[in-house]
Structures are given as structure tokens and as C-alpha cells.
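> Those letters in the sequence shown? Residues 20 to 431, per our numbering, in order. Cβ atoms here follow ideal geometry from the backbone N, Cα and C, with glycine treated the same way. Because the structure is a prediction, the values reported are computed rather than measured. I have a structure I would like to understand better, so I am pasting it below and will then ask my questions one at a time.
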Amino acid sequence: MNAPQDLRPLVHRVVGETPILDVHTHLFTPQFADLLLWGIDELIAYHYLVAEVFQAAPLKYDEFWAMPKTEQADLIWKQLFLERSPLSEACRGVLTCLQAFGLDLSSRNLDGYREYFASKSVEEHIDTVFETANLSAVVMTNNPFDPDERLACEGGLEPDSRFLPSLRIDPLTMDWDGAREKLAGWGYDVGPEIDRRTAAEVRRFLSDWIARIKPLYLAASLAPDYACETETPRGRMVDRCILPICRQYDIPFANMIGVKKLVNPKLRLAGDSVGKGDIKAVEQYCSRYPDNRFLVTMLSRENQHELCVASRKFPNLMVFGCWWFLNDPSIIEELTRERFELLGLSVIPQHSDARVLDQLVYKWAHSRRIIADVLADKYADVCSTGWKATEDEIRRDARLLFSGNFERFVGK
Ligand code: RAT
Ligand code: ZN
Numbered sequence: 020m021n022a023p024q025d026l027r028p029l030v031h032r033v034v035g036e037t038p039i040l041d042v043h044t045h046l047f048t049p050q051f052a053d054l055l056l057w058g059i060d061e062l063i064a065y066h067y068l069v070a071e072v073f074q075a076a077p078l079k080y081d082e083f084w085a086m087p088k089t090e091q092a093d094l095i096w097k098q099l100f101l102e103r104s105p106l107s108e109a110c111r112g113v114l115t116c117l118q119a120f121g122l123d124l125s126s127r128n129l130d131g132y133r134e135y136f137a138s139k140s141v142e143e144h145i146d147t148v149f150e151t152a153n154l155s156a157v158v159m160t161n162n163p164f165d166p167d168e169r170l171a172c173e174g175g176l177e178p179d180s181r182f183l184p185s186l187r188i189d190p191l192t193m194d195w196d197g198a199r200e201k202l203a204g205w206g207y208d209v210g211p212e213i214d215r216r217t218a219a220e221v222r223r224f225l226s227d228w229i230a231r232i233k234p235l236y237l238a239a240s241l242a243p244d245y246a247c248e249t250e251t252p253r254g255r256m257v258d259r260c261i262l263p264i265c266r267q268y269d270i271p272f273a274n275m276i277g278v279k280k281l282v283n284p285k286l287r288l289a290g291d292s293v294g295k296g297d298i299k300a301v302e303q304y305c306s307r308y309p310d311n312r313f314l315v316t317m318l319s320r321e322n323q324h325e326l327c328v329a330s331r332k333f334p335n336l337m338v339f340g341c342w343w344f345l346n347d348p349s350i351i352e353e354l355t356r357e358r359f360e361l362l363g364l365s366v367i368p369q370h371s372d373a374r375v376l377d378q379l380v381y382k383w384a385h386s387r388r389i390i391a392d393v394l395a396d397k398y399a400d401v402c403s404t405g406w407k408a409t410e411d412e413i414r415r416d417a418r419l420l421f422s423g424n425f426e427r428f429v430g431k
């Protein structure tokens, strides 16, 4: 009997060589100027690390937020990198980036690292990062409720093949009263109830923004109690505004389910938490609206198995990413294995959620390695039956995972 093929080195090479289309980030084209975060201070003052520094040291919220970014970074560097070892995934990510840029980690010299970034232009750095992480494109999170973003793209988006748009509409599903005030201020005739007239005006607002930025999908993050309901403001919003517009423009609705916003508001962006969602919501939306397509990620680890099962039932459901608190090696490995076993290659295994350009480098280096390892195990399992996987087939499979499934699902 022939020995099974040892495909591990080949799978790692192929996964490394396959360009990635990153389906969810918080990055922006240079058109958005300062909204595109990059460089060492942004990397260190990332909100994942802000939460960690408040755990490690007795700090006062007001004092921390009053500091300029460089001082916040100095403090986090001292507390999380010098006074204890940087073992968390978010800390390790900073080190992976510095290493990839050829900096000497043994120096631990933050000012020396700052000099490297100060010598770069943003355009040059975008090229370096895309090349290092081997990315074809990233999807932005374009939020029309954010005043700075509105300003930056009022006249439309300059097309940029590396930064693709998505329309993010959380206030419509999470805070109708707040959203209504803004819509009214922009000239939409909306009332407190989502009745026929208000729903038509919300659809007009969404149409205007779809025309302006041409998003690949509409997206909302949703609370753990998200349910398929028709009589609550959120339910009416989805049923009467979001899903009809998605059908009209033939784009998916991305559901990011399970976030508990601001359980500690003093931590600001770092103050959100996780709650278990109800898979029934996903099943019912997919079943009641067969002409809509749903990209779904859930934040709670406890939801992952049932989400895979739901995806087996509904071709209009595509699971994506290991979101936020799930974007840690042990959990990525577990989820990736579970997904390949239940869904084969019909999944988008990861997105980066990068908020800082440089994070593309570490988030993808770490995830690529794990995904390649799990894939290699799965090829080994099938090859032990006598099935032979060729390099071309492995390349084809990697393309599906890292861009093809998404492109097909969004219809591009
Ligand atoms: O991962 C994050 O950075 C979170 O703060 C959120 O942005 C989350 O990913 C989201 O898109 O709501
Ligand atoms: Zn995000």
C-alpha cells in the first residue's frame, strides 16, 4: 500500500501564496485621510489592548482618555510588554507586525520602532502591508451615521480596487430613536413608528447610500436577543426596510450577532461584550426570506456549532469569520475544524476585523497558519483512503476559502 501523501508543507505553501479578500475590516482608503489608522502607536493603543491594560494596572479612565495617543501607547507598552510578558493574542500581534517589518524585537525600544514608521508614507505603507499579508482587497465598514465618514465620501467614493465598500447601519437596528433624529436632520420624513411612510423614507435613505458608495453588502451588528419578529421597531426595520432593499439591489445582509454594547461605557470602544444569540433568528430569517442572502457571524463560542448546522439547511446562508473575541488561536482552530467537518469548503473561514492597517499582517499570518494546519489534517484524512489531492486542487480549494466563496455570495 502507498503511504498517504504528506501534504502539510504543500498546503502551507499554497495557503501562503493564495491572495486573500478580507471580507470585514475597519480600514479606509486614503480618501478618508486620518480615518485610516496605521503605525506603531495605533497598533499598541488598539482597543483590545486598552481593555487589557485596565486589567493589568490601576488606571483612572478619565486620565487615560485625556492622554494623547503616544502617551497611551507608552503606558500600554510599559505595562503589557515590559512589566509582564506580552502573551495575549493582541500583544503577540504587535510583535508579529514588528517582526514582519524587519524590526529588532530584542531591543524593546519603542522609540526606535516609531522611527521606522515615521520614515514611511501612508501610500508606501499600504503597499508594504498588502504585499506582506498577501491580500487582494479588504472590505471597509462604511458607516453613514458617522459624521467624519459622511464628510469624507459625500461626493461618492473614489473607486479603489484594494478597498471595497460595505454599508454599515447599526443605528437602524440598535437605536431607532437616535437614528430617526439623524435621518430627520438629513431631510428624511421619518416618524417614531416604522409605518408605511417612515419605512419608505428609510428605504430612500438606504438607496441614496447604495447609489453613493455601491456596497458589496449591507451590515449590522445585532444584540444577543436578535429575533425574527415583525412588530418591534427592529423587526419592522429588517422586514420593511433592510431586506426589501437588499432584494432590490441584489446584495446580502451581513448579520453580526451577539454583541452587548458598552457593558462598561468607561472603556469606550473597548467596553462591548458578548452574549449568546438565538440561532432561531438566523433559521427563521433564512427560511422566511428565501430571496435574501445572509452573511452571518456570531460572537459567542456557544453559537458556533448550531450556526454550522443552520448553514447546512439554507443555501442563502454563508457563515463567515471568527469574530473579535473568537479571533484567538485556540478558538480559530476549533471553529475551523468544526466548519470544515460540517460544511466542507462552503464557508468563509476568517476575516481580520483590522482597525489598524498593520494588523492585517498579524491577523492573517496567525490565521493562515491555523487554517493551513487544519486543512492539512483534513487532506490527510481523505488521502488515507487512497484519494489523491493534487496541487491544483488544493489551490482551487484555497481560492474558494479566501475569496471565491465570498465573491460568489455577493454576486461579483
Ligand atoms: O472587533 C472590533 O474591533 C470590534 O470593536 C467591532 O468593530 C466589531 O468588529 C464590529 O464590527 O462591530
Ligand atoms: Zn468589526
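(1) CB THR192 to CB MET256, shorter than 8 Å?
(2) Three-state secondary structure (DSSP) at ASN21?
(3) For the beta strand (DSSP E) containing ASN5, list its first residue and its last residue.
(4) Can you list, in chain order, the residues of its chain with a C-beta nearer than 8 Å to that of PRO190? Leave out the 5 residues immediately preceding and following it.
(5) Heavy atom of the ligand ZN less than 7 Å from the Cβ of THR316, yes or no?
(6) Within the present structure, is the beta-carbon of ASP372 separated from the nearest heavy atom of the ligand ZN by less than 7 Å?
(7) Work out the CA separation of SER371 and PHE344 for me, nearest whole Å.
(8) If ASP291 and LYS299 are in contact, beta carbons under 8 Å, what's the gap, nearest whole angstrom?
(9) Have a look at the DSSP bridge pairing and note the partners of ASN161.
(10) Any heavy atom of the ligand ZN inside 7 Å of the beta-carbon of HIS45?
(11) Could you tell me which whole beta strand (DSSP E) segments of length 3 or greater appear in the segment 129-174?
(12) Give the single residue among PHE51, LEU78, MET317 and LEU29 whose Cα lies nearest to the Cα of PRO166.
(13) Could you check which residue in ASP25, VAL148 and VAL33 has the C-alpha nearest to that of LEU56?
(14) Which class does ASP123 belong to by DSSP, given the choice of helix, strand or coil?
(15) What's the call for LYS285, buried or exposed, on a 16-neighbour Cβ count within 10 Å?
(16) At what residues does the alpha helix (DSSP H) containing PHE425 begin and finish?
(17) Taking 8 Å as the threshold (C-beta atoms), are CYS327 and LEU362 in contact?
(18) Round the Cβ separation of ARG356 and VAL401 to the nearest angstrom and send it over; I've been treating them as touching at under 8 Å.
(19) Below 8 Å, can you find three or more Cβ-Cβ pairs linking the segment 76-86 to the segment 127-136?
(20) What number of angstroms, rounded off, separates the C-alpha of ARG418 from the C-alpha of ALA395?
(21) Check for me: the alpha helix (DSSP H) holding ILE367 runs from which residue to which?
(22) Taking only heavy atoms of the ligand ZN into account, decide whether any of them is closer than 7 Å to the Cβ of THR192.
(23) Pop quiz: ASN161 and ARG187 are said to be a contact at Cβ under 8 Å. What is the actual Cβ separation, rounded to whole angstroms?
(24) Rounded to whole angstroms, what is the Cα-Cα separation between VAL141 and ALA246?
(25) May I ask you to report which of helix, strand or coil DSSP gives PHE313?
(26) Using a Cβ-based criterion (distance less than 7 Å to any ligand heavy atom), does THR160 qualify as near the ligand ZN?
(27) Please indicate yes or no: does the CB of VAL278 lie closer than 7 Å to some heavy atom of the ligand RAT?
Let me spell this out:
(1) The beta carbons of THR192 and MET256 sit closer together than 8 Å.
(2) At ASN21 the pLDDT is 48, less than 50, meaning the model places this residue with poor confidence; the figure from the coordinates comes in the next sentence. ASN21: coil per DSSP, three-state reduction.
(3) No information on residue 5 is available, as it lies outside the stretch 20 to 431 that the chain covers here.
(4) PHE164, GLY197, ALA198 and LYS201
(5) Outside the cutoff, so no.
(6) yes
(7) 12 Å
(8) LYS299 and ASP291 do not touch by the CB rule: their CB atoms are close to 23 Å apart, not below 8 Å.
(9) LEU186
(10) Under cutoff, so the answer is yes.
(11) Here the runs fully enclosed are 154-158.
(12) PHE51
(13) Out of ASP25, VAL148 and VAL33, VAL148 has the C-alpha closest to the C-alpha of LEU56.
(14) coil
(15) If you draw a 10 Å sphere on the C-beta of LYS285, you find fewer than 16 other C-beta atoms in it, and that means exposed.
(16) 424-429
(17) Contact flag set, yes.
(18) 14 Å between Cβ atoms; not a contact.
(19) no
(20) 15 Å
(21) Segment: none, ILE367 is in no alpha helix (DSSP H) and carries neither H nor E.
(22) no
(23) 6 Å
(24) 42 Å
(25) Strand.
(26) yes
(27) The answer is yes for VAL278.
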